[in-house]
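Numbering-wise (our numbering), the sequence shown opens with residue 2 and increments by one.
The structure appears below as structure tokens.
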Amino acid sequence: MKKIMTAIGNQDLNQKLRKENTFEIFADDIPYKEGIIEILENKQIDLLILSELLPGEIELKELIEKIKGINSNIQIILFLEKKNQELENYLYAKGIYSIFYDNQIEISKIIELIKAENENRELKKELEELKQFVIEKESDQTRIKEFLKRKNEKVRNRRLLTMQLNKKEEITTEEKQRKIICVSGTSGVGKSIFSVNLAKAFMENKNKILIIDFDVLNNSLHTILGIKKYPQKIADKIKANNLLEPLQVEELIIKINSKEDLIAGISLLFDSQYQISKVKIKNILSKLKEKYDVIIIDTSSECFLDYTKEIMKNSNINIFMIEPNLLEIKKSKKLLNIYINQWGFLKSDFHILFNKYDENSIDSSILRNVFSGFSILGKLSNSSQYNLLINSNHTGYLKKELQKEYCNVFGKLSKNETIGGKVRRKLWKKS
Numbered sequence: 002m003k004k005i006m007t008a009i010g011n012q013d014l015n016q017k018l019r020k021e022n023t024f025e026i027f028a029d030d031i032p033y034k035e036g037i038i039e040i041l042e043n044k045q046i047d048l049l050i051l052s053e054l055l056p057g058e059i060e061l062k063e064l065i066e067k068i069k070g071i072n073s074n075i076q077i078i079l080f081l082e083k084k085n086q087e088l089e090n091y092l093y094a095k096g097i098y099s100i101f102y103d104n105q106i107e108i109s110k111i112i113e114l115i116k117a118e119n120e121n122r123e124l125k126k127e128l129e130e131l132k133q134f135v136i137e138k139e140s141d142q143t144r145i146k147e148f149l150k151r152k153n154e155k156v157r158n159r160r161l162l163t164m165q166l167n168k169k170e171e172i173t174t175e176e177k178q179r180k181i182i183c184v185s186g187t188s189g190v191g192k193s194i195f196s197v198n199l200a201k202a203f204m205e206n207k208n209k210i211l212i213i214d215f216d217v218l219n220n221s222l223h224t225i226l227g228i229k230k231y232p233q234k235i236a237d238k239i240k241a242n243n244l245l246e247p248l249q250v251e252e253l254i255i256k257i258n259s260k261e262d263l264i265a266g267i268s269l270l271f272d273s274q275y276q277i278s279k280v281k282i283k284n285i286l287s288k289l290k291e292k293y294d295v296i297i298i299d300t301s302s303e304c305f306l307d308y309t310k311e312i313m314k315n316s317n318i319n320i321f322m323i324e325p326n327l328l329e330i331k332k333s334k335k336l337l338n339i340y341i342n343q344w345g346f347l348k349s350d351f352h353i354l355f356n357k358y359d360e361n362s363i364d365s366s367i368l369r370n371v372f373s374g375f376s377i378l379g380k381l382s383n384s385s386q387y388n389l390l391i392n393s394n395h396t397g398y399l400k401k402e403l404q405k406e407y408c409n410v411f412g413k414l415s416k417n418e419t420i421g422g423k424v425r426r427k428l429w430k431k432s
């Protein structure tokens with residue numbers, strides 16, 4: 002049974018954890034930093050839930066060093082007062098990835114996170130047992146078969162539980178043909194310009210397309226397309242400070258052309274850009290899906306925005322973009338680890354797309370090995386023409402070489418190899 006200690010200056014979490022029969026809670030909530038060291042020197046603890054704001058004379062980095070010096074295998078869930086990239090990098094280097102900010106995660110979510118981590122450790126332990134069986138050439142084949150049967154049963158049960166939590170409803174054949182595509186990745190990787198080009202490709206296949214700019218912190222799609230962020234009626238309401246009545250998602254739709262629409266002010270539908278209702282996201286996407294054949298969602302690179310997880314869950318296709326250099330690959334792997342280890346996604350849930358590829362990028366074969374287990378969508382070349390498209394509000398032609406690369410990607414997404422030939426002749430022409 003996992004032994005847990007809390008040190009956040011809040012007894013509520015400690016008391017709720019005690020009600021869970023899968024955990025062993027050691028002592029009451031620790032009220033000061035030095036008390037953590039005193040207890041760890043005498044007790045073996047598996048998981049520590051710690052707040053940066055906990056009183057004490059010792060600095061946080063020094064405290065982490067001492068904790069890891071006593072127990073290098075201890076897991077730590079850490080709450081920081083505010084965003085601090087330098088501190089986050091230090092924590093990542095110490096193997097601490099479960100980092101949250103005050104008031105950005107509920108107690109119930111912390112309990113879910115601990116349970117998920119517990120399941121992952123059990124599965125890893127079982128896989129190690131199986132590996133040992135093979136190495137030692139176990140003669141008892143029946144034992145191995147029974148072990149695999151139990152493991153597969155656990156995986157099936159976990160998938161069933163995930164489906165129940167998501168409450169996925171049965172959909173018609175026509176709805177299945179419609180796509181919600183989530184585009185994610187680290188900051189600056191090129192998600193926005195890719196989303197616009199992706200929309201143009203699907204338009205050529207006579208689809209009705211909607212692009213949603215869900216990067217509420219750094220939205221840029223309206224700038225790329227050369228249009229206002231909000232429809233004129235909504236802009237007038239904002240100017241007059243007259244947004245007293247709740248908005249409907251249809252009011253935010255901006256028409257780009259006869260086949261393509263944009264929503265760039267999605268945050269107006271929620272009380273706060275940090276506290277976005279998961280249920281509301283699902284309802285909005287369900288409503289929009291009735292009107293559009295393809296919905297492309299450009300998301301934020303910030304992993305602390307929990308609503309990104311809900312968008313991914315409700316998407317048919319999740320594209321994760323990576324710039325193929327050492328620094329960006331390191332950032333991308335950290336982000337993917339959060340999606341998989343904390344959010345419960347599988348590697349196979351993501352289509353990896355390498356963007357801004359050139360002669361100085363890491364070799365394709367190495368990239369495939371580094372991201373083995375993921376679905377590799379392909380690569381797109383680095384080109385100065387992207388700046389031209391952005392500065393000209395995405396009018397004009399795309400070079401043939403880039404068109405070919407995009408068409409290969411779009412062909413894989415639509416599972417229709419003929420899309421490449423159809424699109425290549427007239428895609429990205431000035432409209």
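All C-beta atoms, glycine included, are put in the ideal place defined by N, C-alpha and C.
Here the structure is a predicted model, which means the values were calculated and not measured.
Beta-carbon proximity list for residue i, same chain, < 6 Å, skipping 5 on both sides
| i | result |
| --- | --- |
| ILE320 | VAL184, HIS352 and LEU354 |
| VAL295 | LYS180, PHE203, ASN208 and ILE210 |
| SER362 | PRO325 |
| ILE285 | VAL250 |
| LEU199 | ILE297 |
| ILE172 | No answer about ILE172 holds up, because its pLDDT of 45 lies below 50 and its placement is not dependable. |
| ILE182 | ILE297 and ILE318 |
| GLY57 | TYR33, LYS34 and GLU35 |
| LYS290 | ARG179 |
Residue i versus residue j - alpha carbon distance
| i | j | result |
| --- | --- | --- |
| GLU111 | LYS209 | What sits at residue 111 in the sequence shown is Ile, not Glu. Whole-angstrom Cα-Cα distance: 40 Å. |
| TYR231 | ILE213 | 12 Å |
| SER278 | ILE312 | 11 Å |
| LEU51 | LYS335 | 21 Å |
| PRO247 | LEU270 | 7 Å |
| LEU368 | ASN326 | 10 Å |
| LYS238 | ILE59 | 51 Å |
| GLU329 | SER301 | 16 Å |
| TYR358 | SER188 | 16 Å |
| LYS95 | PHE24 | 25 Å |
| ASP435 | TYR102 | This structure cannot speak to residue 435, because the chain is shown only from 2 to 432. |
| ILE228 | SER196 | 16 Å |
| LYS69 | GLN76 | 10 Å |
| GLY412 | LYS67 | 53 Å |
| SER385 | LYS192 | 16 Å |
| TYR293 | ASN409 | 23 Å |
| ASN158 | GLY345 | 14 Å |
| GLU113 | LEU49 | 15 Å |
| LYS234 | SER382 | 40 Å |
| LEU414 | SER349 | 14 Å |
| SER259 | GLN343 | 41 Å |
| ASP364 | VAL371 | 11 Å |
| TYR93 | MET322 | 21 Å |
| ASN206 | GLU261 | 12 Å |
| TYR91 | LYS310 | 25 Å |
| SER109 | ASN74 | 25 Å |
N-terminal and C-terminal residue of the beta strand (DSSP E) that residue i is part of
| i | result |
| --- | --- |
| LYS209 | Looking at the DSSP string, LYS209 is not in any beta strand (DSSP E), and its letter there is neither H nor E. |
| SER52 | 48-52 |
| THR187 | Here THR187 belongs to no beta strand (DSSP E), and DSSP marks it neither H nor E. |
| SER376 | 376-382 |
| MET6 | 3-8 |
| SER99 | 99-102 |
| ASN319 | 318-323 |
| ASN85 | No beta strand (DSSP E) holds ASN85; DSSP gives it neither H nor E. |
| ILE77 | 76-81 |
| ILE264 | 261-264 |
| ASN356 | 351-358 |
Contact with chain C by residue i, beta-carbon distance below 8 Å
| i | result |
| --- | --- |
| SER259 | Structure shown: chain C not included; a single protein chain is present. |
Distance between beta carbons of residue j and residue i, contact taken as under 8 Å
| i | j | result |
| --- | --- | --- |
| ASN315 | ILE282 | 7 Å |
| ILE71 | GLU39 | Not a contact, Cβ separation roughly 10 Å. |
| GLU63 | PHE80 | In fact, because the Cβ distance is near 18 Å, the residues do not count as touching under 8 Å. |
| TYR98 | ILE339 | 6 Å |
| ASN22 | VAL190 | Between VAL190 and ASN22 the Cβ distance is about 44 Å, and since that is not below 8 Å, they are no contact. |
Where the alpha helix (DSSP H) through residue i begins and ends
| i | result |
| --- | --- |
| GLU25 | Run containing GLU25: none in the alpha helix (DSSP H); it sits in the beta strand (DSSP E), 24-26. |
| ASN15 | 12-19 |
| VAL371 | 365-371 |
| GLU63 | 61-71 |
| VAL295 | Careful: VAL295 lies outside any alpha helix (DSSP H), inside the beta strand (DSSP E) at 295-299. |
| GLU39 | 34-41 |
| ASN326 | Unbroken run through ASN326: none, as it is neither H nor E. |
Close Cβ partners of residue i (< 8 Å) along its chain, the five nearest in sequence each way excluded
| i | result |
| --- | --- |
| ASP30 | THR7, ALA8, ILE9, GLY10, ASN11, GLN12, LEU14 and ASN15 |
| GLN45 | LYS4 and ASN72 |
| ASN388 | none |
Contacts around residue i, its chain only, beta-carbon distance under 7 Å, and the 5 residues preceding and following it disregarded
| i | result |
| --- | --- |
| GLU89 | ILE100 |
| LYS83 | TYR102 |
| ILE377 | ILE353 and ARG369 |
* To do: Determine contact between the stretch 215-225 and the stretch 324-341, defined as no fewer than three beta-carbon pairs at a distance below 8 Å.
  => no
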